[in-house]
Amino acid sequence: MLKKDEERKTKTPDSDEIKCAVATTDGEEGEDKLPMLILQRSEDSLSDDLTARKRRQVQNLVNEFDAVFSEIPRRTDLVECRQELTAARPVHTKQYPLPHAVRQVGNDEVGEILKMGTIEQSDFAYSSLILVLKKSDGTRRLCIDFLALNGVLTTDAEPDPRVDTLFS
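If you number the sequence shown the way our numbering does, the last residue is 1209 and the count never jumps.
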């Protein structure tokens, strides 16, 4: 699972309020609480347009909920996704050798994702093509072509919920 890499945009607040949204569910008594994800802290900068009071408020919120504001994706045990295949044979895509210029970048990226726990070693018969692509800023990105695997997955008939209906 890789996150889309994009620059954060700063926006001047319209009022003196700090706005946030929290999704909750009605639980029965004795129901276990959801486990919190523990993520690594990242460096964030606050807008220079904030007053000292607002800066303290935002910093207190960031400190209180630091596990939520991490930019490092991790594994979770909150939900489990089961995928069903339409084909009995494993999907194996021929792996082309990476060019020498990007081989170390690919190995480093896979090592970093392994270290974070997002992926793990496996001996499955399934495989997909790995590519190292150049981004517009000149850095490299590891990409995996799951086209062949997506072709044999059953589609989910239940659509994803719309965010605007969740918060209304």
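For glycine and all other residues, C-beta sits at the position ideal for the given N, C-alpha and C. Remember, predicted model here, so these are calculated numbers, not experimental data.
Per DSSP, the continuous beta strand (DSSP E) segment holding V1173 begins and ends at 1170 to 1175. Taking 9 Å as the cut-off, the Cβ atoms of L1172 and L1190 do not count as close. Rounded to the nearest whole angstrom, the C-alpha separation of L1207 and T1134 is 39 Å. Given a length threshold of 3 residues, the region 1114 to 1147 has no whole run of the beta strand (DSSP E) inside it. Going by beta carbons, S1169 and D1186 fall inside the 9 Å limit.
In this structure, the straight-line span from the alpha carbon of I1154 to that of K1095 is close to 36 Å. L1183 is bridged by DSSP to V1173. Following the DSSP letters along the chain, one finds V1103 inside the alpha helix (DSSP H) bounded by residues 1093 to 1105. C-alpha of T1195 to C-alpha of R1123: approximately 10 Å in a straight line.
Straight through space, the alpha carbons of R1181 and A1129 are spaced by roughly 35 Å. Residue pairing from DSSP places L1194 in a beta bridge opposite L1126. I1154 carries a helical assignment under DSSP once its states are collapsed to helix, strand and coil. Here V1109 carries a coil assignment [DSSP, helix/strand/coil]. The three-state secondary structure of D1149, taken from DSSP, is helix. Rounded to the nearest angstrom, the gap between the Cα atoms of S1209 and P1202 is 12 Å. At a Cβ-Cβ threshold of 9 Å, L1126 and V1193 count as neighbours.
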